[in-house]
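Residue numbers (my numbering), protein chains in the order written: chain A, 200 to 353; chain B, 4 to 137.
(1) Strictly below 9 Å CB to CB, what residues from chain A border residue 10/B?
(2) Could you work out which residue in 59/B, 72/B, 18/B is closest to residue 36/B when comparing CA atoms only?
(3) Identify which residue in 219/A, 257/A, 339/A has its Cα closest to the Cα of residue 281/A.
(4) Using a Cβ-Cβ cut-off of 7 Å, state whether residue 5/B counts as contacting chain A.
(5) Could you spell out the range, first to last residue, of the beta strand (DSSP E) harbouring residue 286/A?
(6) Provide the residue(s) that pair with residue 278/A in DSSP beta bridges, ordered along the chain.
(7) Below 8 Å on the Cβ atoms is my contact criterion, and I expect residue 325/A with residue 94/B to pass it. Report the Cβ-Cβ distance as a whole number of Å.
(8) Sorted by chain position, which residues of the same chain lie with C-beta nearer than 6 Å to residue 49/B's C-beta, five sequence neighbours on each side aside?
(9) Rounded to whole angstroms, what's the CA-CA distance from residue 317/A to residue 22/B? Just pull it up for me.
(10) Measure the C-alpha to C-alpha separation of residue 24/B and residue 31/B and round it to an integer number of angstroms.
(11) List, in chain order, every chain A residue whose beta-carbon is nearer than 7 Å to that of residue 94/B.
(12) Taking beta-carbon pairs under 7 Å, can you tell me which members of the region 16–33 of chain B lie near chain A?
(13) Using a Cβ cut-off of 7 Å (strictly closer), state whether residue 223/A contacts chain B.
(14) Between residue 56/B and chain A, is any beta-carbon pair separated by less than 7 Å?
(15) Do you know whose CA, among 306/A, 307/A, 273/A, 243/A, lies nearest residue 256/A's CA?
(16) CB residue 275/A to CB residue 231/A, shorter than 7 Å?
(17) Run through chain A and tell me which residues come within less than 8 Å of residue 90/B, C-beta to C-beta.
(18) Look at the alpha carbon of residue 47/B and the alpha carbon of residue 15/B, and state the distance between them as a whole number of angstroms.
(19) Look up residue 342/A in the DSSP assignment and give the residues it is bridged to.
(20) Relative to the C-alpha of residue 75/B, which candidate in 62/B, 107/B, 98/B, 41/B has its C-alpha closest?
(21) Please name the residue in 120/B, 112/B, 118/B whose C-alpha comes closest to that of residue 11/B.
(22) Secondary structure at residue 317/A, three-state DSSP: helix, strand or coil?
Written as structure tokens, this is what we have:
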């Protein structure tokens with residue numbers, strides 16, 4: 200698991216990216232299921248193991264629920280990344296909700312401002328390989344997570 | 004999507020058929036709590052074989068179900084957690100502590116039989132339920 204290096208939304212280095220992107224609008228608990236099923240389907244196209252597919256789908260479920268619970272609506276973006284060095288999936292959860300006052304606090308196990316277990320973000324962090332979060336009070340939150348294929352593509 | 008709840012002897016079997024929304028899960032909890040009293044059953048089996056994802060909400064709801072059913076005087080066992088789901092639950096740090104689990108429906112039924120026989124078929128003391136707890 201690597202720490203946040205840079206905001207995940209900027210342009211990527213290199214021109215041989217083959218990125219395919221799917222957006223799922225999130226506004227209800229039905230959308231949570233839709234998002235994780237879409238993520239699973241997209242990740243399966245890359246050939247992730249069934250265990251990884253479950254980890255990815257579970258992470259998407261947590262991220263989408265955070266959106267419904269705290270921001271009411273937002274979107275999940277699932278991006279397939281194939282480049283020379285590696286391939287994997289990028290999951291971005293974006294909302295224009297209230298934002299998070301203390302990000303460090305939300306990444307602590309057991310912390311929650313709602314009735315949930317507070318497993319959300321620390322859990323997602325453990326399920327995925329990379330995890331970045333940007334949040335501004337009153338502006339919204341963007342969580343970017345990535346999972347890479349175990350075997351690099353050649 | 005509603006989860007069918009079947010009665011078999013002194014047990015209730017809730018067999019989840021497909022992915023459930025949060026509302027579906029909450030509804031299942033209410034339905035089981037109500038039915039366990041109505042049918043005066045001694046045990047509840049929740050079959051999650053069909054669930055390909057169990058996130059923190061699902062596990063919290065299952066734990067709530069098990070605790071509430073116990074307060075109503077019956078035992079709950081969760082059966083059919085898939086290997087991938089088990090892996091993800093461990094990673095997630097999901098808390099199913101204190102909830103009985105079994106491999107499949109057959110094992111779940113055997114577990115409940117042991118629990119109830121062990122308690123002489125009557126009200127169970129806390130000390131009598133010790134096997135196969137997470």
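C-beta atoms are modelled at their ideal positions from N, C-alpha and C, and glycine is treated no differently.
Straight from the coordinates:
(1) Counting from one through the second chain, the residue named residue 10/B turns up at place 7. Going along chain A, no residue has its Cβ under 9 Å from residue 10/B, so there is no contact; the nearest lies around 28 Å.
(2) Mapped onto the second chain, residue 36/B falls at position 33. For the residues 59/B, 72/B, 18/B, the minimum Cα distance to residue 36/B belongs to 72/B.
(3) Here residue 281/A refers to the residue found at position 82 when the first chain is read from its first residue. For the residues 219/A, 257/A, 339/A, the minimum Cα distance to residue 281/A belongs to 219/A.
(4) What you label residue 5/B is simply residue 2 of the second chain in a count that begins at 1. No, its Cβ sits nowhere closer than 7 Å to a Cβ of chain A.
(5) For the purposes of this step, residue 286/A is taken as the residue at position 87 of the first chain. Start and end: 286–294.
(6) Within the first chain, numbered from 1, the residue matching residue 278/A stands at position 79. Per DSSP, 220/A, 289/A.
(7) Position 126 of the first chain, counted from the start, is the residue given in the question as residue 325/A. Position 91 of the second chain, counted from the start, is the residue given in the question as residue 94/B. Confirmed, Cβ separation roughly 5 Å.
(8) Sequence index remark: in the second chain, residue 49/B carries index 46 (1-based). Cβ within range, chain order: 17, 81.
(9) In the first chain, residue 317/A corresponds to position 118, counting from 1. In the second chain, residue 22/B corresponds to position 19, counting from 1. Because residue 317/A sits at a pLDDT of 46, beneath the cut-off of 50, its placement in the model cannot be relied upon, and the following sentence gives the value as read from the coordinates. Cα to Cα, residue 317/A sits roughly 22 Å from residue 22/B.
(10) As a first step, residue 24/B must be located in the second chain, where it is residue number 21. As a first step, residue 31/B must be located in the second chain, where it is residue number 28. So the alpha carbons of these two residues sit roughly 11 Å apart.
(11) To locate residue 94/B, count along the second chain from 1; it is residue 91. Ordered by position in chain A, the residues that pass the 7 Å Cβ test against residue 94/B are 254, 325, 326.
(12) 22, 24, 25, 26
(13) One-based indexing of the first chain puts residue 223/A at position 24. No, residue 223/A does not count as interfacial toward chain B.
(14) Here residue 56/B refers to the residue found at position 53 of the second chain. It does: the Cβ of residue 56/B has a partner Cβ on chain A nearer than 7 Å.
(15) Looking up residue 256/A in the first chain gives position 57. The option with the nearest alpha carbon to residue 256/A is 243/A.
(16) As a working mapping, residue 275/A is identified with position 76 in the first chain. As a working mapping, residue 231/A is identified with position 32 in the first chain. No, these two residues do not count as a Cβ contact at 7 Å.
(17) Within the second chain, numbered from 1, the residue matching residue 90/B stands at position 87. 250, 253, 254, listed in chain order.
(18) Walking along the second chain from the start, residue 47/B turns up at place 44. Walking along the second chain from the start, residue 15/B turns up at place 12. Looking at the two C-alpha atoms, the distance is approximately 5 Å.
(19) If you number the first chain from 1, residue 342/A lands on position 143. Bridge partners of residue 342/A: 292/A, 332/A.
(20) Taking the first residue of the second chain as 1, we reach residue 75/B at position 72. Cα-wise, what sits closest to residue 75/B is 41/B.
(21) On the second chain, position 8 is the one that residue 11/B refers to. Per the Cα distances, 112/B.
(22) The residue given as residue 317/A occupies position 118 in the first chain. Confidence in residue 317/A is poor, its pLDDT being 46 and thus under 50, which makes the residue's placement unreliable; the coordinate value appears in the next sentence. Looking at residue 317/A - three-state DSSP - the assignment turns out to be coil, as it is neither helix nor strand.
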